[in-house]
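*Asks:*
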Amino acid sequence: MLAGKNIVVGITGGVAAHYLPELIGQLRFRHFAVVYAVMTPAAAQFISPLMVAAATGTPVDTEIFVAAQRDPLAHIHLAHLADLVLVAPATFDFIGKVAAGRADDPVSLLLAATPAPVLLAPAMHDTMWSKPILKRNLGILESVGYRIVQPEIGIQASGDSGEGRMASMNAIIVALGEMTKTISEKEEGGPSSLTK
Ligand SMILES: Cc1cc2nc3c(=O)[nH]c(=O)nc-3n(C[C@H](O)[C@H](O)[C@H](O)COP(=O)(O)O)c2cc1C
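Residue 87 in the working numbering is what sits at position 74 of the sequence shown, and the numbering runs on without skipping anything.
#1: Just checking serine 110 against ligand 1 - is the residue's beta carbon closer than 8 Å to any of the ligand's heavy atoms?
#2: Is the separation between the beta-carbon of isoleucine 161 and that of proline 102 shorter than 9 Å?
#3: By how many angstroms is the C-alpha of leucine 123 removed from the C-alpha of alanine 116?
#4: Among Ala126, Glu165 and Asp84, which residue has its Cα nearest to the Cα of histidine 93?
#5: Does the region 68-88 come close enough to the region 102-113 to have 3 or more Cβ pairs within less than 8 Å?
#6: Assign isoleucine 186 to one of two classes, buried (16 or more other C-beta atoms within 10 Å of its C-beta) or exposed (fewer than that).
#7: Quick one: what does DSSP say aspartate 117 is sitting in, helix, strand or coil?
#8: For the beta strand (DSSP E) holding proline 135, just list the boundary residues, first then last.
#9: Quick one: grab the DSSP three-state call for serine 197.
#10: Where DSSP assigns a beta bridge to isoleucine 77, which residues make up the other side?
#11: With hydrogens ignored, establish whether the beta-carbon of valine 162 is closer than 8 Å to any heavy atom of ligand 1.
#12: Can you tell me whether DSSP reads proline 102 as helix, strand or coil?
#13: Is alanine 126 close to ligand 1? I mean its beta-carbon at under 8 Å from any heavy atom of the ligand.
#14: Give the secondary structure of alanine 50 by DSSP, where H, G and I count as helix, E and B as strand, and everything else as coil.
#15: According to the neighbour-count rule (16 or more other Cβ atoms, all chains shown, within 10 Å of its Cβ), is isoleucine 37 buried or exposed?
#16: For ligand 1, is there any heavy atom lying closer than 8 Å to the beta carbon of glycine 167?
#17: State the beta-bridge partners of asparagine 183 as determined by DSSP.
#18: DSSP three-state label for serine 157, please.
#19: If you count every other CB in all the chains shown that lies within 10 Å of the CB of alanine 134, and 16 or more means buried, which is it?
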């Protein structure tokens with residue numbers, strides 16, 4: 014279902030960023046998707062942009078205005094190339110930023126500029142995950158069409174156990190596959206055209 018699809022992955026600054034080369038590899042080599050990535054500057058504190066570029070096979074931008082030196086419309090071109098956008102991990106901070114309508118880093122700018130469906134994979138400590146302001150922000154994003162793949166319960170980077178671990182790679186890939194199914198059904202005017 015993902016074969017041949019252009020998936021643009023946005024990586025934000027959480028510990029779970031270190032899973033992304035493996036996830037990108039699975040999307041490319043098991044599911045035959047074409048994968049591009051952009052990162053926030055904070056994400057580059059957790060994983061090297063070069064490692065992500067090696068995983069995707071394409072350059073990875075972490076700064077809007079550096080990318081613009083190469084191609085002033087890079088952000089629009091990438092946003093319009095996407096069949097699907099995945100943000101993984103999606104931080105507390107990033108979710109709040111996008112819910113506020115902001116677009117001042119390569120990942121939030123991608124979301125602002127893309128017509129493609131977006132899947133967010135939140136990942137954070139369980140106390141952050143339980144905050145009402147986060148739930149409000151996720152509610153805003155869901156109400157305007159973003160999909161959320163729920164985090165899991167388990168041991169966290171802090172050693173605490175709770176809800177907030179990023180969803181498994183398998184759950185993320187299944188959610189992306191379901192999104193492509195919904196898109197095809199919409200294009201064909203099938204049953205899912207009536208759902209969100
Ligand atoms: C060691 C460390 C680990 C962090 N892990 C997370 C995390 O897993 N989830 C999260 O939401 N924020 C986490 N943060 C906080 C974010 O890095 C911080 O809010 C940052 O501004 C996020 O930037 P971004 O959303 O633009 O990528 C962590 C911070 C540090 C210092």
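Just so it is clear, CB atoms sit at the ideal spot from N, CA and C, and this is done for glycine as well.
Computed from a predicted model, the values in this text were never measured in an experiment.
*Replies:* Straight from the coordinates:
#1: First, the residue type needs correcting, since residue 110 is lysine and not serine in the sequence shown. Yes; taking the cut-off as 8 Å, the Cβ of lysine 110 has a heavy atom of ligand 1 nearer than that.
#2: No, the Cβ-Cβ distance between isoleucine 161 and proline 102 is not below 9 Å.
#3: Distance between the alpha carbons of alanine 116 and leucine 123 is about 8 Å.
#4: By alpha-carbon distance to histidine 93, the top candidate from Ala126, Glu165 and Asp84 is Ala126.
#5: No contact exists between the region 68-88 and the region 102-113.
#6: Residue burial annotation: isoleucine 186 is buried, with at least 16 other C-beta atoms found within 10 angstroms of its C-beta.
#7: It is coil, neither helix nor strand.
#8: Segment 131-135, the beta strand (DSSP E) holding proline 135.
#9: Looking at serine 197 - three-state DSSP - the assignment turns out to be helix.
#10: Looking at the DSSP assignment, isoleucine 77 forms no beta bridge with any residue, so it has no partner.
#11: Annotation for valine 162 indicates a beta carbon at 8 Å or more from all heavy atoms of ligand 1.
#12: Strand at proline 102.
#13: No; taking the cut-off as 8 Å, the Cβ of alanine 126 has no heavy atom of ligand 1 nearer than that.
#14: Alanine 50: strand per DSSP, three-state reduction.
#15: Burial call: buried.
#16: No - ligand 1 has no heavy atom lying nearer than 8 Å to the Cβ of glycine 167.
#17: In the DSSP assignment, asparagine 183 forms no beta bridge with any residue.
#18: This sequence places valine at residue 157; serine is not what is there. Coil.
#19: Residue environment analysis places alanine 134 among the buried positions, since at least 16 neighbouring C-beta atoms fall within 10 angstroms of its C-beta.
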